[in-house]
Structures are given as C-alpha cells and as structure tokens.
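Top to bottom, those sequences are chains A and B.
Taking my numbering, I'd label the letters of the first sequence as residues 1 to 304.
Taking my numbering, I'd label the letters of the second sequence as residues 1001 to 1304.
Each residue gets a CB set at the ideal place from its N, CA and C atoms; glycine is no exception.
All figures in this text were calculated on a predicted structure; none of them were measured in a lab.
2 protein chains.
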Amino acid sequence: MFDRLALIGVGLIGSSIAHAVRKHGLASEIVATARSAETRETVARLGLADRVTETAAEAVEGADLIILCAPVGVFSALGAEIGPKLAPGAILTDVGSVKSAVVNDLSPHLPDHAHLVPGHPVAGTEESGPEAGFAELFEDRWCILTPPAGTDTKATDTLKDFWEALGSRVEIMEPGHHDLVLAITSHVPHLIAYNIVGTAADLEEVTQSEVIKFSAGGFRDFTRIAASDPTMWRDVFLNNKDAVLEMLGRFSEDLTALQRAIRWDDGDALYTLFSRTREIRRNIVEAGQDSPAPDFGRTHGQDD
Amino acid sequence: MFDRLALIGVGLIGSSIAHAVRKHGLASEIVATARSAETRETVARLGLADRVTETAAEAVEGADLIILCAPVGVFSALGAEIGPKLAPGAILTDVGSVKSAVVNDLSPHLPDHAHLVPGHPVAGTEESGPEAGFAELFEDRWCILTPPAGTDTKATDTLKDFWEALGSRVEIMEPGHHDLVLAITSHVPHLIAYNIVGTAADLEEVTQSEVIKFSAGGFRDFTRIAASDPTMWRDVFLNNKDAVLEMLGRFSEDLTALQRAIRWDDGDALYTLFSRTREIRRNIVEAGQDSPAPDFGRTHGQDD
C-alpha cells in the first residue's frame, strides 16, 4: 500500500502501528525516529522498523506516509522541521487526541505538494512506550479522520483504506466536532479519573493503604485510566481547552445537582438517573465497543 | 460451620454467597427469601437454596447465620420483622455498602440472645440479580466487619472464619471509619461515573450514537460502574450522606483546581498530578486488587 512509512515517535500507538503494518504487509519499508535515544535503541532492538533515524527530518525523506505519534505539544516544532522535507504526494497524518490544534499547528508548514489528513485512532491501553504495542490494538475500534476543507479526497481515501486494513472502522469528521465529541468520551473521563485518584491520595482520614486495599469497590477502575501517559495527557488538555472546559462545566453542574439530591434525600432523582445510565452501557456492548463479560472480563479466583 | 444459613435477599451478592457456601460446604442448609415472587422463583429454579420462604420472618427461624443481602434502605423494616424470630446465639450480618446506618437500623431490633456483626464484602460486578452470582466473587477480595462496641468477640471471630472460608481477607473496622473509606473508594467513584454518563446522554452537540461509537477513549470504563443496580446505589447515597458529601466536596475542590490549571495553561500542575497517580495504580496491582494485564485484560481483535 505504501513504499515507505515514516513513524515520528514510537510509543504505545506508534509501536502498535508498526506491528500491525508488518502483520498486514502495508508498507515496503518502515523508518522510525523518536526524540529519546533510549526509545530509538528499543525500537532498533525490537526490530519495529527497518531503519531508525536520529531526526524527524531524516525519517520523512522519501516517505509516502508520515504518521506523527508524538505528544501533540511538539507538533508545531515537528511541522517546521519536516515540512520542507516532505516528498511530492506524501500524506502527513497523526494519531493525536485533539484535532483543531493539530490542523493549526501543522498546516502552516505543509508544502503544496503534500497532503495533511489528521487522524485519531480511538484505542489504547494504560501502558505506554515502544514495548507496549501490539498489532490488534486497532481492530474493531474507530479511527476518526479530520481532513481540513480542501484536502485532496484521494489522500483521505487512501488513509481510510490504510486504517481499515489495520482493522479499524473509519469516520470522517470536522476537527472542531471531533474535539467536542472526544472531550466528553475521553478527555473529561481522563481528567476526573486523574482527579479522584489525586483526591484519594491526599486524604488524611483515610490511609493510602486503605485506599489500595478496598479499591475493588469501584476506585480501581479509575486508576487504570489515571495511569496513562502524563505528557500525552497534559498536551491534550492544553490543546483542547475550550471543549474540555465546556464539558467539564456541564459535568460539574450535573454533579452539583446530584450532590443536592443526596443532601435533600431526593431518592427519586437518584434512582431516575441511575436507571437511565444502564441503557448506554448496553448500547456500548451491543456496538462491540466493550466486552459483554461482567467486570470487563476480569478473572476472579485462581487466575486473579 | 453453620447448621442453617438464612439469606434475606438474593441478588448478585446473595447468590454468590449461596454458590460459595455450597462449594466450600459451609452450611448444612440454606434457606432463602426475597421480596419479589419472581426472584424467589428464580432462586428455586436455580436450586440456590434448600428452601425458599415467602417472608423473612419464616426464613430466619432456627438459623444460626442470617445474612441480609437486600438494599440497605429496607433494613429497618427487616430488623423489625426478623428481630423477634432470631434464635439464641444466632449471628445477624449483612453485606451492605454502608455500615453506621446499618448498625443504627438493626441494633434496636436485636434481642439480647443474638449477635449483630455487620459486614461488607468489597466485591461485585455491574451485573445484578440471582442469576449473576458465582462462587469465586469473594476470592482475594477484602471483607470488612464492623461489630458495634460490646459485640461478642466469638461471634465476630466465627464470621471472620466464614468469610475467610469464602476466600476473602477480613478487616475489622469501626463503622464510621468504614463509611469514610468506602465513600472515597466506592461511593464517590460510582456517583461520578453515573454523573458523567448522564452528562453525556444529555448533550445536544454530540449525539448518543457518537458517545457510544467513540467510548473506547475512556468513557466506556465509566459506563460499567454506571450500570450497577439503581436501588442499591440510591440507598447507599441516602445512607452515607455525610461521608459522601464530605468526599464529594474534596473531589470538586480538586477538580476546580485542575480546571483552573487548564484555563491558565499550567502544564506543570497537570503533569505533576498525572505522574503521581501512576504509582497508586501500580500499588493496587501489586496488592492483588486488580489485574496486571493492560486494559483490565480486555481482549482485542478476534475475541472482541
């Protein structure tokens, strides 16, 4: 499908792309680079790429597909570095969790002969780094592409074929709408998970050891998300500020109403909400977006 | 260990106790009852008990261990019903998620010849009802016992042995402290999970179908908890009001600080929190309270 794929940044997503591209034979050559020498060495040791370069500028030379898999906070600098080196007809994409900021940061550096089609595979685990990747990560997950107005539709179609070959379903969306949707389905959930884990850690009346011992009451679910990559998530919040603040405002407003219902013994209000939310879970499981097994399929007993 | 175990209420926890008691041979006879005729029929059909009675008063007759597995909101009425029927030396316990309210609701009805040792197995799944139970639910989980001051230590020891025989580890705690610990490790996590699922359902700019499709970005984790039993959780919040409001106040305060950090581009504050929370996850996994597998061990690809 591609002659040369350049991966800029090789963490969980970058390494999963490398595994999946190899598995499905989608590129003749994979060239990879990463900012830290340690990551580059790991990539070479694991054989994730055919070639590892020291700089992004070298990596993109002659590549027909370039995927930025670094935290979005460095995209503007990356764009300036690689823009002049992009080959004619090259498709530049990324896997960042925000999209308006990515369009703004990369567009100014794009030569006329290359195509910018930002992307976001909605998939991941709490692990990070080049050793965390696996080929199946994108299977049955959605990948959102947000080509800016005027993008060559052939480039978008080619990238769509690429993600479908990795096992994903693809949706085309306007960047601003993407940022709003992901603010509620991903960014605010991460923020409140990080927040409650922080709140629990700071308590004086309850020890950290108690928080850990009795975490199976619900808390442990939040700690998984709150173990996600700190740099990546810092950059997400700084680069999707408006949508996150908007959704966070609604969340807090609703939470205040719940708080009030508890204070005033309004059991009906609580029951009504608690019944309504079950259906959404059912729909998610039916849509194949989560495991139908109780407790995410966590093992109990011997295997635990 | 016991001659006759009476289970009052047979949902996820009650049916799991029945399975586990059978598996480990801990009672010669299991008598069960439930408020709804439908549940009683299911219990009989599944053979979860040796005998199914229509009322709680009948169920407890001659039982040496009585476990209340109904929502805590009905405990006061249940206590009035069964108190006069409790056999000499009987141990009355429960599995409710709040403990001060349980002590207050049950103590007035307890005859001098019986023992009240409230309990809380910190275990569960998002499923509910008598068909959801399984014998391994309590293995390697903690069960907290909160005997009121003056309780016969032999009764507490016997109940401790019982839970250990089911595979649990047991901790003795003061009821008020239990309620504070569980407010942060279970109640507030449930409340904010219910809340964000409600917030997402109410949006106009983002469709419900989008919320479902792109839930793998984090949101789906919250929907599992928000699919828990509505009656049980309504009663938890109404019966642990002070501790929940206290912990919720701290959560909201911390969230407001995070919101401010995002608004003012304070990346360092975000990064500091996001790095700190990873360690708690590691500790929970090391303590055997969650799966070490990425993504809770959810399957990816073919099995999905």
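Please list, in chain order, the chain B residues whose beta carbon lies closer than 9 angstroms to that of ASN239(A).
In chain order: nothing, as chain B lies at least about 10 angstroms away.
Short of 7 angstroms in beta carbon distance, which residues of its chain neighbour GLU126(A), apart from the five on each side in sequence? Order them along the chain.
The residues are ARG224, ILE225, ALA227 and SER228.
Would you mind sorting ASP254(A) into buried or exposed? The rule is 16 or more other CB atoms within 10 Å of its CB.
Buried, since its Cβ has 16 or more Cβ neighbours within 10 Å.
With DSSP as the reference, label HIS109(A) as helix, strand or coil.
Here HIS109(A) sits in helix by DSSP.
Can you check whether the C-beta of LEU1180(B) is within less than 8 angstroms of a C-beta belonging to chain A?
Taking Cβ atoms only, chain A reaches closer than 8 angstroms to LEU1180(B), which makes this a yes.
Can you name, in chain order, every residue of its own chain whose Cβ lies under 8 angstroms from the Cβ of PRO111(A), other than the five neighbours on each side?
So the qualifying residues of the chain are GLY83, PRO84 and LEU86.
Are ALA1243(B) and ALA1293(B) close, meaning C-beta to C-beta below 8 angstroms?
Contact: no.
Taking C-alpha atoms, which residue in GLU1139(B), GLY1119(B), ASP1161(B) and GLN1208(B) lies nearest to THR1146(B)?
The option with the nearest alpha carbon to THR1146(B) is GLY1119(B).
Within chain A, partners of ALA1101(B) - CB distance below 8 angstroms
Annotation: ALA1101(B) has no Cβ neighbours in chain A at a cutoff of 8 angstroms; minimum Cβ distance is about 13 angstroms.
Under the DSSP definition of a beta bridge, which residues are partnered with GLY1062(B)?
BP columns for GLY1062(B) are empty, so no partner.
Run the CB neighbour count on ARG278(A), radius 10 Å, all protein chains shown included, and call it buried at 16 or more, exposed below.
Under this definition ARG278(A) is a buried residue.
Counting pairs of Cβ atoms below 8 angstroms between the region 1023 to 1031 of chain B and the region 1053 to 1066 of chain B, do you hit three or more?
A contact between stretches requires three or more CB pairs, one per stretch, nearer than 8 angstroms, and the region 1023 to 1031 of chain B meets this requirement with the region 1053 to 1066 of chain B.
Output, in chain order, the set of chain B residues within a Cβ distance shorter than 8 angstroms of ASP290(A).
Ordered by position in chain B, the residues that pass the 8 angstroms Cβ test against ASP290(A) are SER1215, ALA1216, ARG1220, THR1223, ARG1224 and ARG1298.
What residues of chain B sit near LEU273(A), judged by a beta carbon separation below 7 angstroms?
Within chain B, the residues near LEU273(A) are TYR1194 and GLY1198.
Near ALA56(A), what residues of its chain come up, given a Cβ to Cβ distance below 7 angstroms and the 5 sequence neighbours on each side ignored?
Counting only Cβ-Cβ distances below 7 angstroms, and skipping sequence neighbours, we find ILE8, THR33, LEU78, GLU81 and ILE82.
Quick check: is the beta carbon of LEU203(A) nearer than 8 angstroms to any beta carbon in chain B?
With 8 angstroms as the cut-off, LEU203(A) counts as an interface residue toward chain B.
Close Cβ partners of ARG1102(B) (< 7 angstroms) along its chain, the five nearest in sequence each way excluded
It should be noted that the sequence gives Val, not Arg, for residue 1102(B). If you ignore the 5 residues before and after VAL1102(B), its C-beta comes within less than 7 angstroms of the C-beta of VAL1072, PHE1075, ASP1094, GLY1096 and PRO1118, all in its own chain and listed in chain order.
What does DSSP give as the partner residue(s) for THR1033(B) in the beta ladder?
ILE1008(B) and THR1053(B).
Using a Cβ cut-off of 8 angstroms (strictly closer), state whether ASP304(A) contacts chain B.
Residue placement at ASP304(A) cannot be trusted, given a pLDDT of 38 that sits under 50; what the coordinates show is reported in the next sentence. Answer yes: the Cβ-Cβ gap between ASP304(A) and chain B drops below 8 angstroms somewhere.
N- and C-terminal bounds of the beta strand (DSSP E) containing LEU180(A):
Here LEU180(A) belongs to no beta strand (DSSP E); instead the alpha helix (DSSP H) covers 175 to 182.
Measure the CB-CB distance between GLU1136(B) and LEU1046(B) and report whether it falls below 8 angstroms.
In this structure, GLU1136(B) sits away from LEU1046(B), with a CB-CB distance that is not shorter than 8 angstroms.
Is VAL1095(B) close to chain A? Criterion is C-beta to C-beta, closer than 8 angstroms.
Not an interface residue.
Which complete alpha helix (DSSP H) runs does the region 208 to 261 of chain A hold, if anything under 4 residues is left out?
The region 208 to 261 of chain A contains these whole alpha helix (DSSP H) runs: 208 to 213, 219 to 225 and 230 to 239.
LEU1258(B) and LEU191(A) - do their beta-carbons sit closer together than 8 angstroms?
Yes, the pair counts as a contact, with Cβ atoms nearer than the cut-off.
I need the straight-line Cα distance from ASN1283(B) to ARG1276(B), nearest angstrom please.
Their Cα atoms are separated by approximately 12 angstroms.
Residues of chain B with CB closer than 9 angstroms to the CB of SER104(A), please, in chain order.
Ser is not the amino acid found at residue 104(A); the sequence shown has Asn there. None at all; the shortest Cβ gap to chain B is about 16 angstroms.
Given this structure, state the Cα-to-Cα distance separating VAL285(A) from PHE1219(B), to the nearest angstrom.
Taking the straight line joining both Cα atoms gives about 12 angstroms.
Going along chain B in order, which residues have a C-beta closer than 7 angstroms to the C-beta of TRP163(A)?
Annotation: TRP163(A) has no Cβ neighbours in chain B at a cutoff of 7 angstroms; minimum Cβ distance is about 14 angstroms.
Buried versus exposed call for GLY1089(B) [16 or more other C-beta atoms within 10 Å across all chains shown]:
GLY1089(B) sits exposed, since fewer than 16 C-beta atoms from the chains shown fall within 10 Å of its C-beta.
For a cutoff of 8 angstroms on Cβ pairs, would you count THR1231(B) as touching chain A?
Using a Cβ-Cβ cut-off of 8 angstroms, THR1231(B) counts as an interface residue toward chain A, since at least one Cβ of chain A sits closer than that to its own.
Candidates LEU1203(B), GLY1198(B) and VAL1188(B), of which the one nearest THR199(A) by Cα
It is VAL1188(B) whose Cα lies nearest to the Cα of THR199(A).
ILE284(A) versus chain B: which residues are under 7 angstroms apart at the beta carbon?
The contacting residues are ILE1212, SER1215, ARG1220 and THR1223.
Where the region 111 to 124 of chain A meets chain B: residues whose CB sits under 8 angstroms from a CB there
Using a CB distance below 8 angstroms, the part of the region 111 to 124 of chain A facing chain B consists of VAL122, ALA123 and GLY124, ordered along the chain.
Nearest neighbour of GLU174(A), chosen from THR185(A), GLY150(A) and LYS213(A) [CA to CA]:
Closest option to GLU174(A), Cα to Cα, is GLY150(A).
Output yes if chain A places a C-beta closer than 8 angstroms to the C-beta of LEU1166(B); else output no.
Chain A contact via Cβ: absent.
Please state whether the Cβ-Cβ distance between LEU1012(B) and GLY1129(B) is less than 8 angstroms.
Pairing LEU1012(B) with GLY1129(B) gives a Cβ-Cβ distance under 8 angstroms.
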